[in-house]
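Protein sequences appear in the order of chains A and B.
For the first sequence, full-length UniProt numbering assigns the number 1 to the initial residue and increments by one for each residue that follows.
For the second sequence, full-length UniProt numbering assigns the number 1 to the initial residue and increments by one for each residue that follows.
To start, the structure itself, in structure tokens.
Number of protein chains: 2
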Amino acid sequence: MDMAQHPTAADRLRDAGLRPTRQRLALAHLLFDAGDRHITAEILHTEVLATGMRVSLATVYNTLHQFTEVGLLREIVVEAGRSYFDTNTSVHHHFFHERTGKLSDIPGQQIPIGTLPEAPDGTRIKSVDVIVRLDD
Amino acid sequence: MDMAQHPTAADRLRDAGLRPTRQRLALAHLLFDAGDRHITAEILHTEVLATGMRVSLATVYNTLHQFTEVGLLREIVVEAGRSYFDTNTSVHHHFFHERTGKLSDIPGQQIPIGTLPEAPDGTRIKSVDVIVRLDD
DNA sequence: GTAATTGCAAACCATTTGCACTAGA
DNA sequence: TCTAGTGCAAATGGTTTGCAATTAC
Numbered sequence: 001m002d003m004a005q006h007p008t009a010a011d012r013l014r015d016a017g018l019r020p021t022r023q024r025l026a027l028a029h030l031l032f033d034a035g036d037r038h039i040t041a042e043i044l045h046t047e048v049l050a051t052g053m054r055v056s057l058a059t060v061y062n063t064l065h066q067f068t069e070v071g072l073l074r075e076i077v078v079e080a081g082r083s084y085f086d087t088n089t090s091v092h093h094h095f096f097h098e099r100t101g102k103l104s105d106i107p108g109q110q111i112p113i114g115t116l117p118e119a120p121d122g123t124r125i126k127s128v129d130v131i132v133r134l135d136d
Numbered sequence: 001m002d003m004a005q006h007p008t009a010a011d012r013l014r015d016a017g018l019r020p021t022r023q024r025l026a027l028a029h030l031l032f033d034a035g036d037r038h039i040t041a042e043i044l045h046t047e048v049l050a051t052g053m054r055v056s057l058a059t060v061y062n063t064l065h066q067f068t069e070v071g072l073l074r075e076i077v078v079e080a081g082r083s084y085f086d087t088n089t090s091v092h093h094h095f096f097h098e099r100t101g102k103l104s105d106i107p108g109q110q111i112p113i114g115t116l117p118e119a120p121d122g123t124r125i126k127s128v129d130v131i132v133r134l135d136d
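The following block contains the structure:
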């Protein structure tokens, strides 16, 4: 996602109805300028601080959730008590490395989600999450 | 799981290396006497208290984790900040009803986990979790 | 008797919230 | 200007922990 081109980061935020504030721009660059990432609020906060900017942890949480609401991020839950945010919002699934606590995309998009079960009663399938847990 | 028969609850706990204490027996009955269940520590604690027994929440947590370690339960993570424990330890997957916060088994066991990806490098697949999130 | 188990209350830790302050438009 | 956004510090909520008291064997 090259955000230094035609649709600038500021444009993308504006299009999503979010003011391109200094904080949101800084976070957007960290999130989207370096390809696909799986990141926690804590880590992202550490990273912004490392750039010299002062952004509160509360704002990092707000921003991650706002980005998720407007479809710029996808939230992934693999461990009770910690949320990951994925900058790749397309349909794909994950390896979870239990020892290191790291998430990675499963390459080749195609885990066979061919024969999905019918949603019960009056329900509707919102999404399908596949987590392949790895030992090592 | 009829635990009032040959392998009594006490036997099963002993076999797993856990002393069949009053608390563990009470929890085991609530968990295993009524078919497959998806339960949180809070709910289970409420249920024991309702039977008139005094069991601390800490013991409920300890017990759930011990049962999980010895393979009597399986832990399911669908929401950051809350753990579910599944009394059905066989391979199967779940619907998560987001509105009600309830988990249910996907019937017919067969989500096509046919073409699983290779585990990267020197890793080994420990388990595959499939969560179908429902809007309803 | 003695090691395992329990209960309690305090500690934890990621996340959320209330509210005064700041800054985009 | 005027509202959306931010920062801080306190609150939340599920879970864990330390340790003394209890219990299974």
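In this text, a Cβ means the ideal position worked out from N, Cα and C, and glycines have one as well.
Quick check: the Cα distance between A:L72 and A:M53, rounded to an integer number of angstroms?
So the alpha carbons of these two residues sit roughly 22 Å apart.
Between B:I43 and chain A, is the shortest Cβ-Cβ distance under 8 Å, so that the two count as touching?
No, its Cβ sits nowhere closer than 8 Å to a Cβ of chain A.
Taking the runs of the alpha helix (DSSP H) that are 4 residues or longer, which of them lie wholly in the segment 21 to 57 of chain A?
Qualifying alpha helix (DSSP H) stretches, in chain order: 22 to 32 and 41 to 50.
Please name the residue in B:F32, B:R22 and B:T40 whose C-alpha comes closest to that of B:P7.
Nearest of B:F32, B:R22 and B:T40 to B:P7, Cα basis: B:F32.
Rounded to whole angstroms, what's the CA-CA distance from B:K102 to B:F96? Just pull it up for me.
Whole-angstrom Cα-Cα distance: 6 Å.
If you draw a straight line from the C-alpha of B:P20 to the C-alpha of B:R14, how long is it?
Spanning the two alpha carbons is a distance of roughly 6 Å.
Note down, in chain order, each residue of its chain lying with its Cβ closer than 7 Å to the Cβ of A:D136, except the 5 sequence neighbours on either side.
For A:D136, where only same-chain residues beyond five positions count, the Cβ hits under 7 Å are R99.
Residues bridged to B:K126 by DSSP?
In DSSP, B:K126 forms no bridge with anything.
Can you tell me whether DSSP reads A:V60 as helix, strand or coil?
Correct three-state label for A:V60: helix.
Give me the Cα-Cα distance between B:D2 and A:L30, rounded to the nearest whole angstrom.
Low local confidence applies: a pLDDT of 46 at B:D2 is under 50, so the model's placement there is unreliable, with the coordinate-based value given in what follows. In a straight line, the C-alpha of B:D2 is about 55 Å away from that of A:L30.
In chain order, what residues of the same chain lie with their CB nearer than 6 Å to the CB of B:D129, ignoring the 5 residues before and after it?
Closer than 6 Å at Cβ, skipping near neighbours: no residue.
Closest to A:H38 by CA distance: which of A:A10, A:V48 and A:V77 is it?
Out of A:A10, A:V48 and A:V77, A:V77 has the C-alpha closest to the C-alpha of A:H38.
Based on the DSSP secondary-structure assignment, which residues constitute the bridge partners of B:F95?
Looking at the DSSP assignment, B:F95 forms a beta bridge with B:S104 and B:V132.
Please tell me whether B:D2 has its Cβ less than 8 Å away from any Cβ of chain A.
A caution first: B:D2 carries a pLDDT of 46, below 50, which makes its placement in the model too unreliable to give a value.
Let me confirm a value: B:V91 is counted as buried when at least 16 other C-beta atoms fall within 10 Å, else exposed. Which label applies?
Counting Cβ neighbours within 10 Å, B:V91 comes out exposed, since fewer than 16 surround it.
For a test of the three-state rule: what should DSSP assign to B:D121, helix, strand or coil?
Correct three-state label for B:D121: coil.
Quick check on A:D86: buried or exposed, where buried means 16 or more other Cβ atoms within 10 Å of its Cβ?
By the 10 Å Cβ count, A:D86 comes out buried.
Does A:L49 pass the burial test, meaning 16 or more other C-beta atoms within 10 Å, or should it be called exposed?
A:L49 should be labelled exposed.
Look at the alpha carbon of A:A34 and the alpha carbon of B:G81, and state the distance between them as a whole number of angstroms.
Distance between the alpha carbons of A:A34 and B:G81 is about 29 Å.
For B:T123 and B:P107, I'd like the C-alpha separation in whole angstroms.
Cα to Cα, the separation comes out at about 30 Å.
In angstroms, rounded to a whole number, what distance separates the CA positions of residue 163 of chain B and B:I131?
Here chain B comprises residues numbered 1 to 136, so residue 163 of chain B is not present and cannot be evaluated.
Just verifying my parser: in three-state terms, what is the DSSP assignment at A:R19?
Coil, per DSSP.
Tell me where the beta strand (DSSP E) around B:S83 begins and ends.
Run containing B:S83: R82 to D86, per the beta strand (DSSP E) assignment.
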